[in-house]
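Numbering (this note's numbering), first residue to last: 53 to 185. Using N, Cα and C, we set each Cβ at its ideal position, and we do this for glycine too. The model shown is predicted, which means the values in this text are computed figures rather than measured ones. Presented below is the structure to which this report refers.
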């Protein structure tokens, strides 16, 4: 992993700032391999989601964010995706998500599914992904 031009990347992932941030720190972690959406995930992707979360946490640490209890990690679910390529939203502090954008990042809704800070998916992601459990 290395940091250059506000971009942290590894061999398989890239992380960059969201162009329309909903929180003071809003990043996207994107796999280089094409995966359409979180609904395309299956058992083989568990470790990928964990690595995506770890890269997001690394970016937050680089930015001085240490309170992982006030961070939100998650994916938008089709048809609520604007880009047809899997990307993990990393928002911090989650308590400061813009009131005009909070509806897009509310856990447990039909549009957004969260991932815990340790990289394990919440039951909502599992129930909407093929063969994840």
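Item, Value
"Evaluate residue 96 with the Cβ neighbour count: other Cβ atoms within 10 Å of its Cβ, from every protein chain shown; 16 or more gives buried, anything less gives exposed.", "exposed"
"Straight-line CA distance for residue 126 to residue 167?", "5 Å"
"Residue 124 lies in the beta strand (DSSP E); which residues open and close that run?", "124–128"
"Under 8 Å, do residue 138 and residue 87 count as touching if we go by C-beta distance?", "yes"
"Rounded to a whole number of angstroms, what is the C-alpha to C-alpha distance between residue 84 and residue 70?", "17 Å"
"Since residue 75 contacts residue 148 with CB under 8 Å, what's their CB separation in whole angstroms?", "6 Å"
"Helix, strand or coil for residue 97, going by three-state DSSP, please let me know.", "helix"
"Identify which residue in 82, 161 and 110 has its Cα closest to the Cα of residue 144.", "110"
"Quick one: residues in its chain with C-beta nearer than 6 Å to the C-beta of residue 67, no 5 flanking neighbours on either side, listed in chain order?", "60, 79, 81, 107 and 111"
"Determine the closest residue to residue 119 out of 64, 65 and 169, with distance taken between C-alpha atoms.", "169"
"Tell me the DSSP secondary structure of residue 111 in three-state form.", "helix"
"With distances taken Cα to Cα, identify the nearest neighbour of residue 133 among 90, 65, 63 and 72.", "90"
"Please state the DSSP three-state secondary structure of residue 69.", "strand"
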